[in-house]
Each structure stands twice: as structure tokens, then as C-alpha cells.
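The structure under discussion appears below in the form of C-alpha cells.
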């Protein structure tokens, strides 16, 4: 609603839709998307107008600036991946739970099946399942479990590690994400996280931690 006051037509967009819209009388490319799990907009504009547009946006009712730390907290609560942590060359999109990004026409039996980098492995994992998967992690207590903490089974077998972690203000509790064997990924599964010289009890959970609120 705030953006609509200076960008007529913006609120007509649905989630992941885009349009050329004038924002504060400047031509912009606007998408109804974001990296927080919340309804929002991303605006692309000529760099010469960025500062002026930012100042204009901050005059709107209900609009306040937020830093990268806040954004990262939102995306973690929403269970969204950070490249270099939760996704990258060492993870497949199926392991990461991103199979929605592979259209049916490129899957086995589709009119343009395969033929893309990693197709053999990815199509196999779609049909047979991945050997490891990304899950949510809920530490017991208030101590956060950050990225790269080793995860062990209760009997001490190393089975994975966290990829992102921090404190979730919406839950008033620490949260994290990790890759674990698919056979151990059921919600409620118990693990031990090694944090510095301590061992913390954690459990696996479904993602996201906080439901998405996209405008469909």
C-alpha cells in the first residue's frame, strides 16, 4: 500500500510478477518478490536516481530502513537459501528442496527433458530421492548454532553440518538449517551440534520456521 502511493499499479502485481512502472515519476522495473518470506517489492532503477528514490521511500508512512542483518534474519526464518552457505556447487537443487525451480518439461518424460548441466544426477534424484536433504534445526535452550557446526547422532556418528544459523526473533529461539541424510531427516529427529568446545542438543524440523506471506 505504501508503494502504491508513488507507483500506481504496483499492488496489482502478484507474487513473482514484474512490470515496467513509474515510481516517484521515474521509470523502474518492479517485481513483487523479495528475500524475506514476506510480501514485498524489488525495484530496479537507473543508478542516478537511487539516492532520491530511497529518500522518497523513507518518507512514506510505515516505511523504515533495514540492514543486511535484519534481512538475513528474515530469510533464515523463512527457510530461504543463502548462496555459499545453503546452496552452491556442492549441493544439488533436490538436496536443497528447490525442485520447484525445475519445470515439468525438463524432467523425465517432458518435451524437453534433460539436456541441462547436472541433468543426469538431478533427474535421478527427482525420481529416487536425494541421499541428503536440507532441514530446519531447532536447538534446545537459547544458545544459537551458527553455520558450519558439525552434527552428530546421539551415539556420536558425524552425519552433517549446519549451513546457516542464528536467533529467530519471531520464535524467540535459535534456529538453523543443515544437510543431513534423508533417512534421518524426519521432523523431531535428535542430533548433537558441536559448538566450539560444547555439545548442544538439537532436533530436526520442517521448513520454513515462519510461514511465507507472499501475495498470490
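Residue numbers (the numbering used here): 1 to 216.
Heads up, the beta-carbon is just placed ideally off N, CA and C, and yes, glycines get one too.
- Taken in chain order, the whole beta strand (DSSP E) runs of length 3 or more contained in the segment 40 to 85 are 42 to 44.
- By the neighbour-count criterion, in which 16 or more other beta carbons inside 10 Å mark a residue as buried, residue 50 falls on the exposed side.
- With a contact defined as Cβ atoms closer than 8 Å, residue 145 and residue 200 qualify at about 6 Å.
- In this structure residue 139 is in contact with residue 174, their Cβ atoms being roughly 5 Å apart against a cut-off of 8 Å.
- A straight-line Cα-Cα distance of about 5 Å links residue 85 and residue 163.
- Only buried fits residue 123, as 16 or more other CB atoms lie within 10 angstroms of its CB.
- Contact between residue 7 and residue 21 holds, since their C-beta atoms are separated by about 5 Å, short of 8 Å.
- Pairing residue 88 with residue 37 gives a Cβ-Cβ distance that is not under 9 Å.
- With respect to residue 190, residue 165 sits apart: the two C-beta atoms are not nearer than 9 Å.
- When DSSP states are grouped into helix, strand and coil, residue 111 belongs to the coil group.
- Only buried fits residue 130, as 16 or more other CB atoms lie within 10 angstroms of its CB.
- At a Cβ-Cβ threshold of 9 Å, residue 106 and residue 119 count as neighbours.
- Taking C-beta separations shorter than 7 Å and ignoring five residues to either side along the sequence, the partners of residue 10 in its chain run 3, 4, 21, 30 and 41, following chain order.
- Restricting attention to 176, 23 and 215, the CA atom closest to the CA of residue 167 is found in 176.
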